[in-house]
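Novice:
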Amino acid sequence: MVQPCSPAGGIEIGCGEGPAAAFPAARDTFQAIDEALGVALSKVMFEGPEDELTATHNAQPAILAHSAAVFAALGTGNGGGIGAAGHSLGEYSAYVTAAALDAPEAAKLVRRRGELMQKAGEERPGMMAAVLGLATAQVEAACKEASRQGSVAVAAN
Amino acid sequence: MQGARREASHAAQGERRVSLPVDGAAKNHLQLALEKAPFQDPAFPVIANATAEAVKDTGRARRLLADQLRRRCGGSSACSTPRGCRDGAEVRWVENRAGAVLAGLFEAHRSGANVVSLGTAAEVTKFMESA
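From first to last, the protein sequence lines are chains Z and Y. Under the numbering used here, the first residue of the first sequence is numbered 123, with each subsequent residue one higher. Under the numbering used here, the first residue of the second sequence is numbered 208, with each subsequent residue one higher.
(1) Based on Cα-Cα distance, which residue from Y/Asp-274, Y/Thr-327, Y/Asp-248 lies nearest to Y/Ala-257?
(2) 7 Å is my cut-off, CB to CB: does Y/Gln-247 come that close to chain Z?
(3) Output, in sequence order along the chain, the residues in the region 151 to 171 of chain Z whose CB is closer than 8 Å to any CB in chain Y.
(4) Short of 6 Å in beta carbon distance, which residues of its chain neighbour Z/Pro-226, apart from the five on each side in sequence? Order them along the chain.
(5) Starting from Z/Ser-301 and walking both ways along the beta strand (DSSP E), at which residues does that stretch end?
(6) With H, G and I counted as helix, E and B as strand and the rest as coil, what does DSSP make of Z/Gly-155?
(7) Is Y/Arg-290 helix, strand or coil by DSSP?
(8) Tell me which same chain residues have a C-beta within less than 8 Å of the C-beta of Z/Thr-178, skipping the five on either side of it?
(9) By Cβ distance below 8 Å, which residues in the same chain neighbour Z/Ala-194 in space, the five residues on each side in sequence not counted?
(10) Where do the N-terminal and C-terminal ends of the beta strand (DSSP E) with Y/Ala-273 fall, by residue?
(11) Report the partner residues of Y/Ser-324 according to the DSSP bridge assignment.
(12) Give me the chain Z residues within the contact set of Y/Thr-327, using Cβ-Cβ distance strictly less than 8 Å, ordered along the chain.
(13) Quick check: what's the CA-CA separation for Z/Val-274 versus Z/Leu-163?
(14) Under the DSSP definition of a beta bridge, which residues are partnered with Y/Ala-261?
(15) If we cut at 7 Å on Cβ distances, does Z/Leu-238 have a partner in chain Y?
(16) Keeping to the same chain, check which residues put their C-beta closer than 6 Å to that of Z/Ala-191; ignore five residues upstream and five downstream.
(17) Name the residue from Y/Lys-234, Y/Phe-334, Y/Ala-259, Y/Thr-327 whose alpha carbon lies nearest to the alpha carbon of Z/Phe-168.
(18) Determine the contact status of Z/Ala-228 and Z/Leu-175, defining contact as a CB-CB distance below 7 Å.
(19) Cutting at 7 Å between CB atoms, please list the residues of its own chain near Y/Ala-329, excluding the five before and the five after it.
(20) Comparing C-alpha positions only, which one of Z/Ile-204, Z/Arg-234, Z/Ala-264, Z/Gly-203 sits nearest to Y/Asn-235?
(21) Is it buried or exposed for Z/Gln-182, if we count other Cβ within 10 angstroms and need 16 for buried?
(22) Return the first residue and the last residue of the alpha helix (DSSP H) that Z/Met-167 is part of.
(23) Which residues in chain Z sit within 9 Å of Y/Arg-279, going by Cβ to Cβ distance?
(24) Please classify Z/Asn-180 as buried or exposed, where buried requires at least 16 other C-beta atoms within 10 Å of its C-beta.
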């Protein structure tokens, strides 16, 4: 079994609430992360408000917390896995599933990562766009063309 | 001045790059946090976004997590079967989160991959019963 872990984005109010209610190990994981961060992140995940949940410094640890809680609920330990991977933020979750980082420590790291990204975005405003159905070379060519207009556009993922 | 030279050099190659000082600061701050975090060697390989390599030790993990902040995250690298995994093992991909962000990515990159997304209690229970 290989554990791919999700990237940032697309988080919704209520995420993780079901596993927390059904599995003590998941509930314990959320609680440990809340204590490590010193904020009731799980309450924000389960109840909102949405603008607080989707703020980068909350969204990133929330997504990691959800992955870690589900992994804890599975209770497979390390025996069931042969590898892990994750896209962007998910790489931290992958290290949790591989027992290299414990979930509360990983949550602190991604919260810090989110704070730094938020600050960088405020100091140098930019935006992201998802491009579907184009080959990498086509996207890179479009970025190069757009960058001639005085802006900087890069194909990031 | 150095930055201007670098920019001119990239411009000569048909690229436009601008060094963003905040990026470097963010990476440095994150690197410090990673150095302080209690890491252990992974129990199994973890694929790094920055290089698509299978990471097996703490030092490399810290370094590549910091690098990841300023480098392109290869979506297809997240779909790589880790090298060094058990030979002949049937690979089942388990996405531990609601939704199907990576499941879609996997379908695009690995036709026929055995992928399951786990986010709700019902999905977790069903998966555990089928295991």
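Ideal Cβ placement from N, Cα and C applies to all residues, glycine included.
Specialist: Per the coordinate set shown:
(1) Y/Asp-274
(2) yes
(3) none
(4) Ala-154, Ile-155, Ala-158
(5) The structure shown does not extend to residue 301 of chain Z, since chain Z is modelled only from 123 through 279, so no value can be given for it.
(6) Correcting the residue type first, residue 155 of chain Z is Ile in the shown sequence and not Gly. Here Z/Ile-155 sits in helix by DSSP.
(7) In this prediction, Y/Arg-290 scores a pLDDT of 49, lower than 50, which makes its location untrustworthy; the coordinate-derived value is nonetheless stated afterwards. If DSSP states are grouped into helix, strand and coil, Y/Arg-290 belongs with coil.
(8) Ala-130, Gly-236, Glu-237, Met-239, Gln-240, Gly-243
(9) Phe-145, Ala-147, Ala-148, Asp-150, Thr-151, Ala-225
(10) No beta strand (DSSP E) holds Y/Ala-273; the alpha helix (DSSP H) holding it covers 265 to 275.
(11) Y/Glu-302
(12) Gly-140, Pro-141
(13) 35 Å
(14) Y/Ile-254
(15) yes
(16) Gly-138, Pro-141, Ala-148, Thr-151, Phe-152
(17) Y/Thr-327
(18) no
(19) none
(20) Z/Arg-234
(21) buried
(22) 163 to 169
(23) Val-276, Ala-277, Ala-278, Asn-279
(24) buried
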